Amino acid sequence: MSIDVGTGIARILKQEGVDWVSTFPVCQINNALGKEGVPMVMMRDDRYAVALADAFSRINAGSPIGVCTFQGGVNAAGIQVAFAGMAQAFEDGSPVLCITDGVPIGASENSQFDVTSSLKSVSKWYGYLDKPERLHEFMRRAFTMLRTGRPGPVVLAIPDAKGQYDETADPYFPVKGWKSAPDPDDVSTAVEFLLKAQDPLIYAGEGVIYANASAELITLAELANAPVITTLKAKGAFPENHPLFVGVRGDQVNHFLNKSDLVLAVGSSLSPGRFSHSIPNAVNKTIIHCNVDELHINKAYPTATALIGDARFALQALVKELSDKTSGSGRPAGDVAAEIKSARDEAMVKYLEAMASNEKPINPYRVYAGLMEVLDPLRSFVTHESGNTRDQLSTVYDTLIPRGFLGWGNVSSLGFSLAATVAAKISFPERYCIAVTGEAGLGYMMGNLEVPLRQKLGITVAHVSNGGFSGYGPGFWGDGHDPFTHSVTGNDEIDMSKVIGELGYHTERVTEPSEVAPALKRAMAANDADQPAYIEFICSQYPIYGGWVGR
Ligand SMILES: Cc1ncc(C[n+]2csc(CCOP(=O)(O)OP(=O)(O)O)c2C)c(N)n1
Ligand SMILES: [Mg+2]
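When you line the sequence shown up against numbering that gives the first Met the number 0, it's residues 0 to 550, in that order.
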């Protein structure tokens with residue numbers, strides 16, 4: 000049975016469990032998606048088309064995979080704008096499928112921008128479909144790479160969506176994706192190191208979430224009686240009310256990172272980055288590195304032993320070996336939990352004060368306290384923006400379930416929180432989904448605020464409105480590092496709640512600290528009626544938060 004490539008792609012996506020596709024037009028395959036009944040969420044620019052699918056993959060740990068389409072071909076504006084979203088997805092290791100028009104056969108070498116080399120630089124695999132008959136092979140390879148190994152974006156460039164092929168010649172079956180388990184000898188070595196260590200620390204990364212291994216992480220931490228820190232991207236991989244949870248950042252994290260003589264990293268690349276800790280005095284620590292592949296092993300720090308494979312299999316093997324070697328009793332219980340509690344309590348004092356503050360303008364921590372007061376941590380999704388909302392929420396916001404909070408940012412591209420919140424609402428319609436942003440993130444979002452209205456997605460944007468890029472300018476914290484480029488038109492000059500209210504959002508402008516929680520509740524009531532909400536909290540500039548060790 001002869002069909003065209005676009006139709007073939009639409010049918011295969013359905014077989015692969017893809018219920019909808021994110022897009023910004025034009026892309027040749029969109030008509031086939033429409034005809035085959037694959038719903039499309041049309042964003043208002045190409046970067047957000049990628050970001051929505053990227054966020055959907057992150058939130059669902061790649062099951063299902065987020066898929067997007069954007070303009071390609073000769074002189075494609077779409078690809079050039081989408082590139083920003085792809086670079087972010089690549090740096091953060093998000094398994095998103097990007098489909099675009101390929102430069103038609105016979106039209107190459109006529110333009111300046113080199114599509115192939117640019118997209119290869121931000122993807123795990125770039126497949127150019129040179130023959131319609133190869134479609135099933137390409138789709139199988141794409142889904143194999145999306146579901147196996149280190150996660151990352153895959154691009155399919157389709158030069159001719161109308162090209163015909165025989166759908167039955169090489170029938171398509173969905174791709175499972177495959178995992179591997181670490182070498183048992185390495186597991187045994189790791190447990191020997193662990194049993195010799197005085198002060199082991201578990202450093203959990205997002206690989207734990209992709210491997211769905213939170214339960215195994217808890218079991219190992221308890222058996223090893225070891226404190227746990229998580230990366231920004233893994234926030235929520237370990238329940239933050241657990242007595243062994245130290246934090247993502249803050250003085251208590253510094254304390255345990257400095258003190259540790261062994262770091263067991265699982266599902267983290269340990270890459271030195273802008274939004275992660277470095278390991279202090281690493282050469283004098285034993286580093287056990289569990290990772291899905293070898294790319295990050297011996298990067299930055301000498302690895303004592305590596306467990307290469309899926310994080311869940313690694314954790315299961317460590318639990319079994321540690322239990323066997325200690326006749327089920329684990330490492331001797333000391334006063335680790337008590338030490339964590341006292342370090343956390345001490346580190347949190349200044350933030351708890353800010354969270355209870357009655358100052359005007361409102362202290363931003365009072366907004367975070369309001370979120371924690373009104374939201375059920377098991378039935379909500381919160382995400383941050385680049386800037387203080389990232390730094391502050393990752394210091395104080397308690398997360399109890401994976402993806403109750405989405406931390407993002409090896410690369411922290413302003414505006415991503417809106418895409419994340421829309422993706423979360425699509426993923427969990429029953430949850431309240433909230434993006435907490437500053438003015439810079441909001442500026443990026445503006446054109447895309449129409450999308451939740453059109454899609455009837457009751458999400459909330461909570462704006463910490465402080466009239467500037469507050470981490471950058473001068474203030475009581477010092478001279479500021481970008482004193483010439485930090486102020487924008489202030490909330491005394493523009494009332495954003497009126498601007499966004501005109502779009503059709505439920506909006507409020509909140510100036511009283513006591514109104515923070517009630518205003519959030521009213522936003523949630525609007526969300527219950529499928530109306531998006533925007534709440535502008537008139538806040539002070541208060542760039543105080545936990546730091547990253549070694550930065
Ligand atoms: C795409 C992009 N460009 C530049 C930056 C650098 N950047 C990080 S935060 C920020 C300003 C944040 O200010 P605001 O949104 O007002 O938040 P506040 O810090 O005041 O809470 C900028 C310019 C970035 N993260 N992403
Ligand atoms: Mg600001």
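Every residue, glycine too, gets a C-beta built ideally from N, C-alpha and C.
If you're wondering where the values come from, they're calculated on a predicted model, not measured in any experiment.
Check, Outcome
"Are the Cβ atoms of Gly-246 and Ile-217 separated by less than 9 Å?", "no"
"Using three-state DSSP, classify His-288 as helix, strand or coil.", "strand"
"Leaving out the 5 sequence neighbours to the left and right, which residues in its chain are closer than 7 Å to Lys-123 when beta-carbon positions are compared?", "Met-144, Gly-151, Pro-152 and Val-153"
"Does the pairing of the segment 130-142 with the segment 0-11 give three or more beta-carbon distances under 8 Å?", "yes"
"For a test of your reading of the model: does the CB of Glu-438 fall under 8 Å from any non-hydrogen atom of ligand 2? Yes or no.", "yes"
"Of the choices Ile-361, Ala-337 and Asn-240, whose alpha-carbon is the least far from that of Pro-401?", "Asn-240"
"On the criterion of 16 or more Cβ atoms from any shown chain inside 10 Å, does Ser-213 qualify as buried, or is it exposed?", "buried"
"Any heavy atom of ligand 2 closer than 8 Å to the beta-carbon of Asn-387?", "yes"
"For ligand 1, is there a heavy atom less than 8 Å away from the beta-carbon of Glu-535?", "no"
"According to the Cβ coordinates, are Ala-418 and Asp-129 closer than 9 Å?", "no"
"Any heavy atom of ligand 1 closer than 8 Å to the CB of Gln-540?", "yes"
"With a cut-off of 8 Å on the beta carbons, I'd call Ile-543 and Val-509 a contact; round off their distance for me.", "Incorrect: roughly 21 Å between the Cβ atoms, too far for contact."
"Could you give the distance in angstroms between the alpha-carbon of Ser-270 and the alpha-carbon of Ile-201?", "16 Å"
"Flag Val-450 as yes when its Cβ comes closer than 8 Å to any non-hydrogen atom of ligand 2, and as no otherwise.", "no"
"If we ignore side chains and look at the alpha-carbon of each, how far apart do Val-37 and Thr-6 end up?", "11 Å"
"Please tell me whether Gly-549 and Arg-248 are closer than 9 Å, where the distance is taken between their beta carbons.", "no"
"Where do the N-terminal and C-terminal ends of the alpha helix (DSSP H) with Leu-118 fall, by residue?", "114-119"
"Which class does Gln-530 belong to by DSSP, given the choice of helix, strand or coil?", "coil"
"Assuming Leu-261 and Ile-296 are in contact, meaning their beta carbons sit under 8 Å apart, how far apart are those beta carbons, in whole angstroms?", "Leu-261 to Ile-296, Cβ: 16 Å. No contact."
"Would you say the segment 18-29 touches the segment 38-52, given that touching needs at least three Cβ pairs under 8 Å?", "yes"
"Quick check: is the beta carbon of Thr-229 nearer than 9 Å to any beta carbon in chain B?", "Looking at the structure shown, chain B is missing, and only one protein chain is on hand."
"In chain order, what residues of the same chain have a beta carbon less than 7 Å from the beta carbon of Glu-338, not counting five sequence neighbours either side?", "none"
"In three-state terms, what does DSSP make of Asp-184?", "helix"
"Please classify Ala-524 as buried or exposed, where buried requires at least 16 neighbouring CB atoms within 10 angstroms.", "exposed"
"Ala-305 lies in the beta strand (DSSP E); which residues open and close that run?", "304-307"
"What residues in its chain sit with their C-beta under 6 Å from that of Asn-357, if we drop five residues either side in the sequence?", "Pro-512"
"Mapping DSSP to helix, strand and coil, what is Arg-508?", "strand"
"My output table needs one value for Phe-427: the three-state DSSP class, helix, strand or coil.", "coil"
"Taking Cβ positions, are Val-373 and Ala-203 nearer each other than 9 Å?", "no"
"Can you tell me whether Arg-453 is buried or exposed? The criterion is at least 16 other CB atoms within 10 Å of its CB, across all chains shown.", "exposed"
"Closest to Val-114 by C-alpha separation, out of Tyr-164, Pro-301, Cys-538 and Ala-156, would be which residue?", "Ala-156"
"Report yes if the C-beta of Val-463 is less than 8 Å from at least one heavy atom of ligand 2; otherwise report no.", "yes"
"For His-462, report the span of its beta strand (DSSP E) as first-last.", "459-464"
"Quick check on the burial criterion: 16 or more other C-beta atoms within 10 angstroms. Buried or exposed for Leu-351?", "exposed"
"Could you check whether Thr-188 and Thr-304 sit closer than 9 Å to each other, using their CB atoms as the reference points?", "yes"
"What three-state label does DSSP hand Ala-106 in the structure shown?", "coil"
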